[in-house]
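Inspection log for the structure reproduced underneath, given as structure tokens.
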Amino acid sequence: MTIDASSTAHLHDRTDRLAPKPILREGGPRLAMSLLVGDSVRPTRAQSRAFAKFAHTCDPVADDLVAAIRRDRLRIRTQFEQALEHGIETVDDSAPEMAAFIATLDGVPFRVDYDKLDLAARAIVRMPMSTRCGSRATSYAT
Numbered sequence: 001m002t003i004d005a006s007s008t009a010h011l012h013d014r015t016d017r018l019a020p021k022p023i024l025r026e027g028g029p030r031l032a033m034s035l036l037v038g039d040s041v042r043p044t045r046a047q048s049r050a051f052a053k054f055a056h057t058c059d060p061v062a063d064d065l066v067a068a069i070r071r072d073r074l075r076i077r078t079q080f081e082q083a084l085e086h087g088i089e090t091v092d093d094s095a096p097e098m099a100a101f102i103a104t105l106d107g108v109p110f111r112v113d114y115d116k117l118d119l120a121a122r123a124i125v126r127m128p129m130s131t132r133c134g135s136r137a138t139s140y141a142t
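In full-length UniProt numbering, the protein residues as written are 1 to 142.
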């Protein structure tokens with residue numbers, strides 16, 4: 001599925017943000033949210049509607065690949081592993097379902113918001129190293 005950039009420009013309109021959850025609208029949490037990230041973490045109404053459209057849809061390209069693997073598990077799974085590790089061009093007589101799936105992997109999904117990724121990267125860089133290492137250790141403990 002190809003989506004051109006002009007059709008998704010409205011998804012990133014920062015003037016149409018959804019209201020925050022009530023707990024984040026008052027007191028300390030509101031101050032913390034405004035200082036840390038402003039309003040950029042809340043989706044726009046257009047982003048929410050666009051995401052909701054996909055809540056009940058499937059991925060026909062992936063579904064076709066799964067059906068092909070079920071038909072000829074050994075051959076297609078071997079080709080799939082080779083294509084992932086060495087590129088689709090190294091696979092002789094590749095299954096069309098697998099070639100179609102591999103072709104979709106290079107595209108950037110419409111929901112990727114580079115502004116949010118940049119904000120997250122800047123926030124992580126500002127964190128002390130001890131905080132980053134400590135959070136990693138506690139995540140392994142659970």
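Even glycine gets a Cβ: it sits at the ideal position worked out from N, Cα and C.
Close Cβ partners of residue i (< 8 Å) along its chain, the five nearest in sequence each way excluded
i: Asp64; result: Glu97, Ala100, Phe101
i: Ala121; result: none
Chain-order list of residues whose beta-carbon lies under 6 Å from that of residue i (same chain, five-residue window excluded)
i: Thr57; result: none
Sequence-distant residues of the same chain with beta carbon closer than 7 Å to residue i, five excluded per side
i: Ile76; result: Ala68, Ile69, Ala95, Met98
i: Ile88; result: Ser94, Ala99, Ile102
i: Ala5; result: Low per-residue confidence applies at Ala5: pLDDT is 48, beneath 50, and the placement is therefore not dependable, though the value from the model is reported in the following sentence. Within the same chain, Ala5 has no close Cβ partners at all.
Closest residue to residue i among the options (Cα-Cα distance)
i: Ser48; options: Ile124, Phe110, Met129; result: Phe110
i: Ala62; options: Thr104, Leu119, Phe54, Met129; result: Thr104
i: Leu36; options: Val91, Glu85, Arg126; result: Arg126
Enclosing alpha helix (DSSP H) for residue i [first to last residue]
i: Ser48; result: 45 to 53
i: Ile124; result: 114 to 126
i: residue 198; result: With the chain covering 1 to 142 only, the question about residue 198 has no answer from this structure.
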